[in-house]
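Counting from 2, one number per residue, gives the positions in the sequence shown under this note's numbering. Every residue gets a Cβ at the ideal spot worked out from N, C-alpha and C, and that includes glycine. Each remark here refers to the structure printed beneath this line.
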Amino acid sequence: MNDLKRRTFFKLGLVGAAMSFIKPSKAAELIEKSTENKFRIARKTIVISTWNHGLAANAEAWKEIDSNGTSLDAVEKGVMVTEADLTNRSVGVGGRPDRDGHVTLDACIMDHKSRCGAVGCLEGIAHPISVAREVMDSTKHVMLVGEGAREFALDYGHGKAKMPIKEVKKDWKKWKKENKDVFKKPEINHENHDTIGMLALDAHGNLSGACTTSGWAYKLHGRVGDSPIIGAGLFVDNEIGAACATGLGEAVIRIAGSHTVVELMRQGHHPQQACEMAVERIIRKHEDLTGLQVGFLALDKYGNHGAYSVYEGFNFALKTVRKEEMVDAGFDRKW
Ligand code: GLY
2 MNDLKRRTFF
12 KLGLVGAAMS
22 FIKPSKAAEL
32 IEKSTENKFR
42 IARKTIVIST
52 WNHGLAANAE
62 AWKEIDSNGT
72 SLDAVEKGVM
82 VTEADLTNRS
92 VGVGGRPDRD
102 GHVTLDACIM
112 DHKSRCGAVG
122 CLEGIAHPIS
132 VAREVMDSTK
142 HVMLVGEGAR
152 EFALDYGHGK
162 AKMPIKEVKK
172 DWKKWKKENK
182 DVFKKPEINH
192 ENHDTIGMLA
202 LDAHGNLSGA
212 CTTSGWAYKL
222 HGRVGDSPII
232 GAGLFVDNEI
242 GAACATGLGE
252 AVIRIAGSHT
262 VVELMRQGHH
272 PQQACEMAVE
282 RIIRKHEDLT
292 GLQVGFLALD
302 KYGNHGAYSV
312 YEGFNFALKT
322 VRKEEMVDAG
332 FDRKW
């Protein structure tokens, strides 16, 4: 064991021993104090999630983290807040429909044991993230889609929801009138953002992630984006770190975005650098970047985080023992 490793081992040993005698919230604080200004020395509890809607979601997730719960429960309960928010037009029950008026939901979840579950193109169910978790917990599969996913959700008692909600239906009817050309390209809505992706590290040192969306507003019926695809919208490897993506799912899928970010961390890059390198790869792979916004969030197993996007405007919510704030991500270019 070299000197640095020995010192680190000793420090972690002391923290671990101290933690068994104190309250979980104090334990989280102790871990965080022990990591101040150190990269890859000790871990800290943290929850990060995409966009402004992440603040409320993080607050819910933190209840789990702070009571010594699991990062898996934290991310599921956290993003459920956003799925239930009727004012949110890009996630869950208040989401916008596809071109034909169907709200089709995509979600996935992954834990520290690399267990994962996903649903794609799910209709009429209030919490796609919980159905994704059910797929993970109760089946041998990873992903269910469409009618099969809906039947599965109902069989397992997941609550129905009527979608689109009234206001959203009105907007869709207006859009349909104004967009008679069926091949007209729908545009990612930057004002309403898209997708909540959440990553959490708990006091047990375990990482989990969740990702859920109603996808690209007015998309072709049947379109599935990156959000339910393990490795694209979300990836977790407890030995290394976790990453999630937001923005134009097609571009994220092309580079297996979240997996790429985690693999870059595996190569020794800081989460910030890993996000920047993944965004650079997206830029290299696309001749036309018009309207192509993608943002990545990353968290390593020590609690270091990073975020970066193609265009200005991506932000994320951060929650630690001491902080609860929105942070503007770095970006490659202005709109
Ligand atoms: N990132 C969400 C989507 O493209 O559906």
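- Asp203 and Ile49 do not touch by the CB rule: their CB atoms are close to 13 Å apart, not below 8 Å.
- As summarised for the region 88 to 163, the continuous alpha helix (DSSP H) elements at least 4 residues long and confined to that stretch are 129 to 139 and 147 to 156, given in chain order.
- Excluding sequence positions up to five before and after Leu290, its CB lies within less than 7 Å of the CB of Ile284 and Val311, all in the same chain and listed in chain order.
- Note on Thr140: under 16 other CB atoms within 10 angstroms of its CB, so exposed under the neighbour-count rule.
- Closer than 8 Å to some heavy atom of the ligand GLY: that does not describe the Cβ of Thr261.
- The C-beta distance from Glu84 to Val76 rounds to 12 Å, too long to fall under 8 Å, and the pair is not in contact.
- Pairing Ala201 with Ser72 gives a Cβ-Cβ distance under 9 Å.
- Within the chosen limit of 8 Å, the ligand GLY reaches the beta carbon of Leu249 through at least one heavy atom.
- For Gln294, the number of other beta carbons within 10 angstroms of its own is at least 16, and it is reported as buried.
- Per DSSP, Asp329 lies in no alpha helix (DSSP H); the unbroken beta strand (DSSP E) holding it starts and ends at Glu325 to Asp329.
- Residues Arg97 of the same chain have their beta carbon placed closer than 8 Å to that of Asp172, with the five preceding and five following residues left out of the count.
- Annotation for Ala246 indicates a beta carbon within 8 Å of some heavy atom of the ligand GLY.
- Distance from the CA atom of Gly331 to the CA atom of Asp156, rounded to whole angstroms, is 44 Å.
- With a threshold of 16 other beta carbon atoms within 10 Å, Leu106 meets it and is buried.
- Scanning its chain for C-beta atoms nearer than 7 Å, with the 5 sequence neighbours on each side dropped, one finds around Ala162 the residues Val94, Gly125, Ile126 and Ala127, in chain order.
- Annotated as proximal: Trp52 and Phe315, with beta-carbon spacing under 9 Å.
- Shown here, Ser72 sits in a helix according to DSSP, grouped into three states.
- Beta-bridge partners of Ala211 (DSSP): Ile110 and Met199.
- Straight across, the Cα-Cα distance linking Lys178 with Arg100 is about 11 Å.
- Taken from the Cβ of Asp101, every heavy atom of the ligand GLY lies 8 Å or farther away.
- In this structure, DSSP gives Ser259 a helical state, which the three-state scheme calls helix.
- In the displayed model, Lys64 falls within a helix according to three-state DSSP.
- In this structure, Asn59 places its C-beta atom within 9 Å of the C-beta atom of Ala318.
- Counting the other CB atoms within 10 Å of its CB gives His142 a total below 16, which places it among the exposed residues.
- Of the heavy atoms belonging to the ligand GLY, none sits nearer than 8 Å to the Cβ of Thr83.
- Residue environment analysis places Lys167 among the exposed positions, since fewer than 16 neighbouring C-beta atoms fall within 10 angstroms of its C-beta.
- Ala211 is not a Cβ neighbour of Gly232, given a cutoff of 9 Å.
- Per the coordinates, the alpha-carbon of Leu56 lies some 13 Å from the alpha-carbon of Lys78.
- In the three-state reduction of the DSSP assignment, Asp172 falls in the helix class, which pools H, G and I.
- When DSSP states are grouped into helix, strand and coil, Gly250 belongs to the helix group.
- Inclusion of Gly216 in the 8 Å shell around the ligand GLY follows from its C-beta lying nearer than that to a non-hydrogen atom of the ligand.
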